[in-house]
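Just so we're aligned: the sequence shown equals residues 78 to 202 in my numbering.
In this text, a Cβ means the ideal position worked out from N, Cα and C, and glycines have one as well.
In this text, all values refer to a predicted model and were calculated from it rather than measured experimentally.
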Amino acid sequence: MGRRKVELKRIEDKSSRQVTFSKRRSGLFKKAHQLAVLCDLELVLNVFSGNGRPYEFSSGNSLSKILERYLAHLESEKIVGGDDHIAEVRPIWILFHDFFFYFCLSVLLYVILFVQFAVCQFFLG
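Structural data, given as structure tokens:
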């Protein structure tokens, strides 16, 4: 008995969508770990749920050390590559800034929701 082909469309049922996300996130992180071990890689993988909750996988070093190394590599590429090479590097840098912005925004949202929940619990008992 083989697997059936999954039609790629949004899952309408919220509960089924959450279960699928959880299982596929676990599978994705497992594959990332395997790739990091087999190929001796330093790997960072960030995933945001539909609710905006961040999940991360980092192999070996901490996430911040790998990102610092990545940014240092970008800076060295700008210096070595000249002006023509900067145009190729810039989109990756912009994506990193967008990711960081949305990550900070999602953290701020969770803080606001937590404070709101705590205030409601305090006043409503």
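Own chain partners of residue i with C-beta closer than 8 Å, once the 5 adjacent residues on each side are dropped
i    : result
E133 : V121, L122, N123, V124, L140
F231 : Summary: the structure shown does not reach residue 231, with the chain confined to residues 78 through 202, and so no result is reported for it.
Residue i and residue j closer than 7 Å at C-beta
i    : j    : result
G129 : S93  : no
E119 : G137 : yes
Boundaries (first-last residue) of the beta strand (DSSP E) holding residue i
i    : result
S135 : 131-135
L105 : Premise fails: L105 lies in the alpha helix (DSSP H), 91-116, not in any beta strand (DSSP E).
Length of the line joining the Cα atoms of residue i and residue j
i    : j    : result
P131 : R102 : 11 Å
I163 : L144 : Note on I163: pLDDT 46, under 50, position unreliable in the model; the coordinate value appears next. Between I163 and L144, the C-alpha separation is close to 19 Å.
Q95  : K108 : 20 Å
L190 : L201 : 16 Å
F106 : R87  : 21 Å
G104 : Q111 : 10 Å
E165 : F199 : Unreliable placement is indicated for E165, whose pLDDT of 47 sits below 50; the coordinate value is still reported in the next sentence. Cα to Cα, E165 sits roughly 53 Å from F199.
E89  : S126 : 15 Å
V192 : L186 : 10 Å
Own chain, CB closer than 6 Å to residue i, minus 5 neighbours either side, in chain order
i    : result
H150 : none
A113 : L120, S136
D117 : none
Residues near residue i by beta carbon distance below 7 Å, same chain, minus five either side
i    : result
C197 : none
Distance cut-off 6 Å: residue i Cβ against heavy atoms of the ligand NAP
i    : result
F199 : Absent from the structure shown: the ligand NAP. Ligands present: none.
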